[in-house]
Structures are given as structure tokens and as C-alpha cells.
């Protein structure tokens, strides 16, 4: 039930159509992030109106709460969250390893991953100086940030969870390294990720029907030889598509180099996903290099703090709480046709944020999501018309 | 542009139609509370689908933030909040006086009215032991809970604010007494409210066109002679309708008695509003006694904590976070046709609340609001069919 057609290209950038059992995705496509089975304050109906084509949820989060068995029992994640379109599920490797790496490197990610009540009845509590995450060749053990309970993920177990959730597209367990890991560790983690990919694919072949696809994830940090090795290794395995994951280096230039090393070694006729980007500038850069799908928490995360996408501003964003918007009767973005821009002023949005009204976040999320959908639509048109450079210049 | 037709009755209960410049309201009608120009996480479009007929906002809150001049400048509150239907605006007398009364009686309302940052640059800070609210015969002075700035409301000023906001139906400044005020004070406050009503009506006549209506508010606490005096006084003034305000006593029986004393003295052919009720049981009680409109923060406030209306439960509500709903595949209420009940299970709602997803509150608010709309629709039908007693027995 899966297939990927390439419809047009402008140099390395391409327009395609990815057919899934829950409908087709025209690529390049933005993938909205619904980690816990909800996209911020936005309902499935809103997403449909926004034009969202595909959502990505997270096996790690949904395993911890409410659990894949419960979701399977109530009819799968599509039905659970009322979303009838294509659904990707990430393993949550990034979330698991960012705990360990943050602790090891003291980069402070633990605070954001453990908001508050992390020490109830914990087995591997950070306060007791024990590791949060233990990785071995067969999988990874970690404690729940919710109740301190101990969990173990193996590549096979993650496929099983994703099957129960009813993913259209699933991502296997991978070991994510941080930009602070050295070459030696990054190689070791990559090799482990490769072994895990083989295990996941084997499990997938034995147990998944034709209703689900498994993507391979390329690792290797910002090291050229590792990225090339990983892309070549993954490219030889018969995945339904490929994702570029892990650390993309510490600058936009490094990210572009990683894609330039990686993409030529992946099968041309399979979809390519980039995990976790979403600055407007980045979208142009990665699509230009042949990325078909990218997920991005930015539009919804920004919405929570009143930061809104606009075409005509520095870094394409304004902070709606700024005093300059107090009595601004204009919509957030003059060219946007989203529900928020069609019905409300900047002054009203600012008032809602000032007054801490929940409606604020929803209206902001609708705008940011639609803004990105509208941008990728323009990008697709430009690729078909072989005018992506012109569109890039218009925006940059 | 205002008129009120009585269409049917079942004893004292009645069905009517209140025509306003922004459309007609079929009564009895629930009035959704949008204090700060937003009904929780629910958009104007959601409200339209829910069947909400009329919203009540608050002059006190909107005066403090973002200010009536700003709203007037951007086209009035209807346009500001994207709501095209009838709009009531309460003076906020209740909010102002609950500050003073809470302090005086030590009943702890200050905490809920002053959430957190109330002491920045305050002139009349409670910490300095000065009064928060000073009432005199001409009006009331109070400090902003937002920035400690000093404000003065007079009956004329409140009409002016409500005119600027563009209310269809406005409520004049009144002095709200608490159930703990004695007879002597309640009488004094009532007399002041009567004088203010006369001033407000005079101001309204001189400055409002036929696009706005002013309702008179009956005060008098739980004292029979005061309520009768107040109803008779207000009933003689040519208001567009009447509201019953202030303390309705400390039990449901007292509330019913207050209505029984009051309503027969109000003009039969004018609409009657009851300020601030909304338990399911109360709705039956007050409609039965001839109330046409009632506003109620309960459905949206309950939504914030995961408390949901259902027909078959104690006090018509369930707390969705209870463990019993963990894997419950049913909709919140089997008979409800709201967006939430048509698309989501109790298990999903519970998960959203557990996971602190903002979507939870919106879906809960949609359900609770629609549940009440559906109830008042049933009540209207029952009145037309002279079967309100049977409907009441079915529910109670």
C-alpha cells in the first residue's frame, strides 16, 4: 500500500507523492509534531483546515503515557486522536538519549525533560547520582520522567510499540549522539544504530503487513566518513524511506554539509526525511538538497510564547507581546489566509496573550502551522516551475 | 432595534425571542461567559457550531486590559473578538466589590482575584493595609490587580465604557453585597444601586442610540422586603430588561425564594436575566420561576480542571482524570452530539489532561458548552409542549 512517485524536480529539489494507507502526502511536506497524540491546542479538524498532510507522534512518550496497549485497545492512534491522515511515529531515541547526553555533558537538557515531578519513587533518580539512561549493544534502559519506573527499549520492542500504535510510517530505535560526543563515541553509537536497524527491519518484515513502512535512520554526527558510511549502509537495506537523524553539527553550514555527504548515497526513488528542523531559512536549504519530509516543533512551540511567523520581518517572526502591536488592527501576516488572520487582529492576539487566555495559543498555533503549509506549497509550485532559486531569493 | 416577544409558556416558565442588532436570542438561553473577550480556548467559530446564542463580557476586566478605547479604535468588541452574535457586557460590579467584601469578611476571595503579581507599584496595596475598594454615593474607586493603578467607576462612566465596547445589552454599575453583609448595610447598598441605576439610565438615554439596551439590576440580598422594594423600584424604570444580581442567599432554597419575591414585581413583557448561576439543578429551578437568560462560568471553569457534564451521574458531572476512565472508549456523554463526543473517547480526553495538553481544555469546554445548549433547547421544547415538569422529573 506504500509507494513514492517523483513528479518533478528543480536540480536536487523534488516534488513527489508518497502514498500511504491513510492518504497521499505531496512532498516536500512539513510534518506537524503531535508528540503525545495532540498538536498543541489544535484539533484534528483544525489540522485538516490548515492543510496539514502528516503528523509525527512519539513512541517513547506514548509508551510512558497512556501506553501503547491502551491505544491499541481503543482502536489505534489514528482513532484515539481523531486523525485520519498519514501518521509517522518516531522511536523517541532522541528523547531518551538527550537525557543521558545532557547529564554527561552538563548541557542542561534534563531540566526541560524532567519538568518538576520526576523524583516520585524513582529507581534511577538523577538526585541519587545514578545514570538515567544505560545503553548496551541490545538496547537501552531508562527511567520514566513521570513516575521513575524502569523501562527497556530494544529495536524489536520499538517496532512492536509502533505497530500497536498503528503508525503508517515508523522510525526504528537509534542512538542519538550530541554535538559534544567525540569521533570515537559517535562511531560506536553509529555502529550500534546500524545493528539495531537490521534487527528492527527483521522484526518489521516478520510482523508488519503492507500497511506500515519502516524508514532507516542515518547517523554519524558531523563526521563526513561516518555519515557516508551510515548512508551507504542504510541505503543498502530495503527500508521504505530514509531519515537523517542525530546531530547535524553546530551551524547551518554543517547541517548543509551533512546533507550533501548523505543524500547522494541514499536511493533516489525513496522518500527522505530530516528529523527536527524548521527555521524558514533551513526549509529552503534542506529542500534544495533533496529532502522530501521534515518535522518541526517550532511552529507549535513558538505559538506557546506568542512568537508568530510573518514574511516581512527579521528571521520571519514577531513576538506578539511587544508593545508595538498593542493597537495594531492588521492580521498577523497580510498574505496569510489562516483562520486567525482572516478573523483576528494583532491587537486581539496580543490582548489574549497578555490576559493569559488559552485561546491565544490555539490561534497562534493555527497561524504558524498554516504559514509553514503555505510556504511548502509555494516551494512545491516553484520546484514544478523550476523557479526555486527565484522563490528563495524572494524570501531571503 | 430591540424587542422581546413571548412565544409560549408553561406556568411561569416561558419561551421568548429577544431581538438585538446582532441577531435574535431564543429564550430561555444560556449566556456563555467571555470575561476578557474570549470564552476559554473556544473560538467564535466553535461557539457558532456549539449553538451559543449570546456571550457576556466584563467592562471591569476589559477596562483594565486592554482598555475600552483600544477596543473601540479597532472596531468594537464584536469585531475584536470575532463574534457576530448578541453580546452582553456586565459592569464588573461583582468583581470590584468582591475585593472589598472578601477583605472585610476575610472570606479569602482576594487570593483568587489577585493571582500573583498584584503588588507592583500599587497605590492601594492590600499589603499596606489600605482598602482595595472605596465606595461613596457617586461611585467606586479601586486599584487594578494588574499594575496597582487607581481607577474610578461611576454609573455614567460604566455606561460610557460599555458603549465604547459596543455592547448589545449592558448592565449598569451596582453595589454587590455578600451574604455576610447585614440588613442595614444591604439596604444602604441597595439604595445606592437604585440611585446609580437612575444615573445610568439618564446617561444611557442621552447618549445611546437604539442599538443598545440597558438592563436594570435588582439587589437586596436575601432580605424579602429589600428584594421587593428593589424589584418594584427597578420595574418602574424603563429598562430594556432586568437582571437579578447580588447575593442570592446561601442555599438553593434561598435563591428560589429571592426569585419568587422578585419576578412577579418585574414587567411581564421584558426579559429577565439571572446573574451567575449554572448548576444543572439550578437551571430547572430558575427557568421554572420565569428567568429568560442566565450566565454561567461553570461549563468553561469546569473544563479547565477536567470536570465534564454528563446526564447520568451524580450532580451531572464526572471528573475525567479518575482512573476509571483510563481505557473507556465511550464518548463523554452518549447522548451528546458535540465535536468532542463525536470524535473522541473518554480515554483520549483523560490522556490529554494527564499529559497536560492544551487541547484537553478546548475539547472539554466545547462539550460542556454544548451540553448546556442542548439542555436549554430541551427546556424550550418542553415549555412549548407544556411538559417542563416531566422533563424536570426525567433529569432529577
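Protein chains in written order, with my numbering: chain W, 12 to 407; chain X, 12 to 407. For glycine and all other residues, C-beta sits at the position ideal for the given N, C-alpha and C. As the structure is a computational prediction, the values presented were derived from the model and not from experiment.
Note: residue 62 of chain W is not bridge-paired with any residue in the DSSP secondary-structure output. For residue 307 of chain X, the beta-bridge partners assigned by DSSP are X:43.
Across the segment 322-341 of chain X, CB contacts with chain W closer than 8 angstroms involve 337, 338 and 340, in sequence order along the chain. Relative to the Cα of residue 15 of chain W, the nearest Cα in the group W:236, W:39, W:203 and W:318 belongs to W:39. If you draw a 10 Å sphere on the C-beta of residue 303 of chain X, you find 16 or more other C-beta atoms in it, and that means buried. Neighbours of residue 372 of chain W across chain X, judged by C-beta separation under 7 angstroms: 369. Close to chain W, meaning a Cβ-Cβ distance shorter than 7 angstroms, are the following residues of the segment 354-369 of chain X: 354, 355, 356, 358, 359, 362, 363, 365, 366, 368 and 369.
For residue 52 of chain X, the nearest beta carbon of chain W is closer than 7 angstroms to its own beta carbon. Pairing residue 50 of chain W with residue 67 of chain W gives a Cβ-Cβ distance that is not under 7 angstroms. For residue 188 of chain W, the three-state secondary structure derived from DSSP is coil.
In summary, the residues of the segment 58-76 of chain X whose CB is separated from some CB of chain W by less than 7 angstroms are 76, in the order they occur in the chain. Here DSSP, grouped into helix, strand and coil, assigns residue 377 of chain W to helix.
By the criterion of a C-beta distance shorter than 7 angstroms, residue 361 of chain X is surrounded in its chain by 331, 332, 336 and 337, once the five residues flanking it on both sides are discounted. Bounds of the alpha helix (DSSP H) holding residue 200 of chain X are 194-218. Relative to the Cα of residue 344 of chain W, the nearest Cα in the group W:378, W:311, W:207 and W:205 belongs to W:378.
By the neighbour-count definition (other C-beta atoms within 10 Å, threshold 16), residue 55 of chain X is a buried residue.
In this structure, residue 209 of chain X lies away from residue 242 of chain X, with their beta-carbon atoms at least 7 angstroms apart. When DSSP states are grouped into helix, strand and coil, residue 57 of chain X belongs to the helix group. By a beta-carbon distance limit of 8 angstroms, residue 172 of chain X does not contact residue 204 of chain X. Their separation comes to about 18 angstroms. Measuring C-alpha to C-alpha distances from residue 165 of chain W to each of W:70, W:22 and W:17 identifies W:70 as the nearest.
Between the alpha carbons of residue 392 of chain X and residue 18 of chain X lies a distance of about 12 angstroms. Counting only runs of at least 3 residues, the segment 276-335 of chain X fully encloses the following beta strand (DSSP E) elements, listed from N- to C-terminal order: 283-285, 304-307, 318-320 and 328-330. Comparing alpha-carbon positions, the option among X:207, X:206, X:218 and X:161 lying closest to residue 177 of chain X turns out to be X:218. In the DSSP assignment, residue 147 of chain X falls outside any alpha helix (DSSP H) and lies within the beta strand (DSSP E) extending over 144-147.
When secondary structure is reduced to three states using DSSP, residue 382 of chain X falls in the helix class. Interface flag for residue 45 of chain W against chain X is unset, since no Cβ pair is found closer than 7 angstroms.
If only complete runs of 4 or more residues are kept, the segment 159-187 of chain X shows the alpha helix (DSSP H) at 166-176, in order along the chain.
The beta carbon of residue 80 of chain W sits closer than 8 angstroms to the beta carbons of 175 from its chain, once the five residues preceding and following it are set aside; these are given in chain order. The beta carbon of residue 295 of chain X sits closer than 6 angstroms to the beta carbons of 403 from its chain, once the five residues preceding and following it are set aside; these are given in chain order. Within its own chain, the residues whose Cβ lies closer than 8 angstroms to the Cβ of residue 85 of chain X, once the five positions on either side in sequence are excluded, are 91, listed in chain order. Residue 357 of chain X is positioned such that its CB atom lies closer than 7 angstroms to that of residue 341 of chain X.
In its chain, beyond the 5 residues on either side, 72 have a beta carbon closer than 6 angstroms to the beta carbon of residue 47 of chain W. Residue 79 of chain X sits in a helix when the DSSP states are folded into three classes.
Using a Cβ-Cβ cut-off of 9 angstroms, residue 174 of chain X is close to nothing in chain W; its nearest Cβ partner there is about 19 angstroms away. Considering only W:75, W:348 and W:232, the residue with the shortest C-alpha distance to residue 62 of chain W is W:348. Counting the other Cβ atoms within 10 Å of the Cβ of residue 264 of chain X gives fewer than 16, which makes it exposed.
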